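Residue numbers (my numbering): 60 to 548.
Structure first, commentary second.
Printed below as a string of structure tokens:
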């Protein structure tokens, strides 16, 4: 009779270790699952702390963090109520640049960790964090850019000086106007949509200081309303609303350069996301598609960038109703614009010719040995954008992708194709990346965020010097720089 092995005679000898291993793996998985929400909660606290530090640093004293303060103009109404609360802050330019850059890099890591664990967080934690972040940046001085004062100046040109901002450059207005010295697009026709320009007209009676704070409040409220719609859209799609809101509302790029810079993109995006929310109701509500068309066209009349979504949204809803709503609202808003500004469009052509040194088209031209973005490279970028829109629309029409994924891809392609590339444009794609079923779309959005962070942090020039990378040294790059200096002064 053949002898049996010990394991055959006593099967528990193997079964017990195998079972123990399974229990150990299950315990480790449970521990990781339990640690993730705790890590996300700590990350949200870290994001709030990092945001507060950046704002306190900007409000402390004149520095590069607030552009007008860097020029020596830093009145109390601009510095805000947090002025003077960080007296120990270094006043060395390089040290401060490295410090802020390190803080923002750390915030981006915390942002990704918070997003990963957000589905298991209590909803109230996410909501409280988002509200706290908005409150922090509402109290901040204008960070890095002067767009808010350009908004105010274009409005005053029309109301106070009776000059059409779509036909007259600010350089021709009276230089004694209190908003002129605060603005810097002096040789650029207004690139902003007529609906937004009419809003700035309405703020003129408040005066420059109150208009500044009114714009800040309007944009902060628009951002919060957008996040509320993102939350509701995520619920309708069966996705985690906390994760969606964290991805959109806790991105440090958007917080510092978007909310902190007071850009009108948040107002445009409110109507874009409203259109998306309405499209999600289209299968059950006959009028939802038409209202979505109205909302998207409203966004376009605030900022023209939203126009790239027209073919995607048209295919996502009931096409005839969407088109009817879009055409009706387009006709009404075009009529209002003609009455206010005549047959004139925003000055987008000049702005689109301005080149960001570390923008993707310029880097492509540099990599190809052209010295930067040439007319050919710009044409290739435009062709690539049109092709991306066509492919995304075709895939959507054939039912091969969800319309939120198609919208995110189109907006990412738009951002990548722009000559004038600035970091807060990432906001355009974030809601659709958050709502998309595609992990690849979210990964691409986060990677683009890393690129924008690295190319716009205050220590960017020192980082480039450290790796001996200088795309601004070519003759073409210097010509691009001179063009920017001609328009922005």
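Heads up, the beta-carbon is just placed ideally off N, CA and C, and yes, glycines get one too.
These numbers were taken from a predicted model, which means no experiment stands behind them.
Distance CB(residue i)-CB(residue j) smaller than 7 Å
| i | j | result |
| --- | --- | --- |
| residue 516 | residue 160 | yes |
| residue 253 | residue 411 | no |
| residue 462 | residue 455 | yes |
| residue 430 | residue 285 | no |
| residue 198 | residue 141 | yes |
| residue 182 | residue 301 | yes |
| residue 115 | residue 145 | yes |
| residue 279 | residue 262 | no |
| residue 289 | residue 307 | yes |
| residue 131 | residue 204 | no |
| residue 370 | residue 475 | no |
| residue 335 | residue 376 | no |
| residue 229 | residue 137 | no |
| residue 112 | residue 162 | yes |
| residue 139 | residue 118 | yes |
| residue 466 | residue 338 | no |
| residue 157 | residue 518 | yes |
| residue 281 | residue 329 | yes |
Enclosing alpha helix (DSSP H) for residue i [first to last residue]
| i | result |
| --- | --- |
| residue 453 | 434-456 |
| residue 462 | 462-476 |
| residue 349 | 347-361 |
| residue 193 | 182-197 |
| residue 215 | 206-218 |
| residue 480 | Note, residue 480: premise wrong, no alpha helix (DSSP H); not H, not E. |
| residue 255 | 253-262 |
| residue 393 | 378-400 |
| residue 523 | 519-525 |
| residue 153 | 152-176 |
| residue 313 | Counting along the chain, residue 313 falls outside any alpha helix (DSSP H), and DSSP gives it neither H nor E. |
| residue 135 | 135-138 |
| residue 369 | 369-375 |
Identity of the residue in the options nearest residue i by Cα
| i | options | result |
| --- | --- | --- |
| residue 539 | 498, 416, 385, 102 | 416 |
| residue 361 | 325, 111, 306, 429 | 325 |
| residue 295 | 548, 545, 544, 496 | 496 |
| residue 215 | 203, 237, 493 | 237 |
| residue 432 | 255, 133, 418 | 418 |
| residue 545 | 441, 246, 134, 518 | 246 |
| residue 323 | 275, 508, 195 | 275 |
| residue 96 | 171, 436, 167, 139 | 171 |
| residue 251 | 317, 190, 363 | 363 |
| residue 413 | 398, 437, 343, 394 | 437 |
| residue 408 | 478, 266, 373 | 478 |
| residue 505 | 267, 305, 377 | 305 |
| residue 357 | 256, 189, 192 | 256 |
| residue 385 | 450, 543, 346, 128 | 346 |
| residue 498 | 388, 298, 328, 196 | 298 |
| residue 176 | 220, 366, 101 | 101 |
| residue 190 | 106, 503, 122, 380 | 106 |
| residue 258 | 348, 186, 211, 507 | 211 |
Coarse secondary structure for residue i, derived from DSSP in three states
| i | result |
| --- | --- |
| residue 109 | helix |
| residue 271 | helix |
| residue 225 | coil |
| residue 244 | coil |
| residue 126 | helix |
| residue 509 | helix |
| residue 538 | helix |
| residue 429 | coil |
| residue 420 | helix |
| residue 412 | coil |
| residue 488 | coil |
| residue 333 | helix |
| residue 297 | coil |
| residue 290 | helix |
| residue 249 | coil |
| residue 515 | helix |
| residue 239 | coil |
| residue 72 | With a pLDDT of 45 at residue 72, under the threshold of 50, the modelled position of that residue is not reliable, and the figure given next carries that caveat. Reduced to three states, the DSSP call for residue 72 is helix. |
| residue 532 | helix |
| residue 114 | helix |
| residue 48 | Nothing can be reported for residue 48: it is not among the residues displayed for the chain, which extend from 60 to 548. |
| residue 341 | coil |
| residue 282 | helix |
| residue 232 | coil |
| residue 499 | helix |
Inter-residue CB distance, residue i and residue j (contact presumed, cutoff 8 Å)
| i | j | result |
| --- | --- | --- |
| residue 352 | residue 382 | 7 Å |
| residue 312 | residue 512 | 6 Å |
| residue 303 | residue 293 | 4 Å |
| residue 315 | residue 202 | 6 Å |
| residue 309 | residue 192 | 7 Å |
| residue 590 | residue 217 | Beyond the ends of the chain as shown, which are 60 and 548, falls residue 590; an answer cannot be given. |
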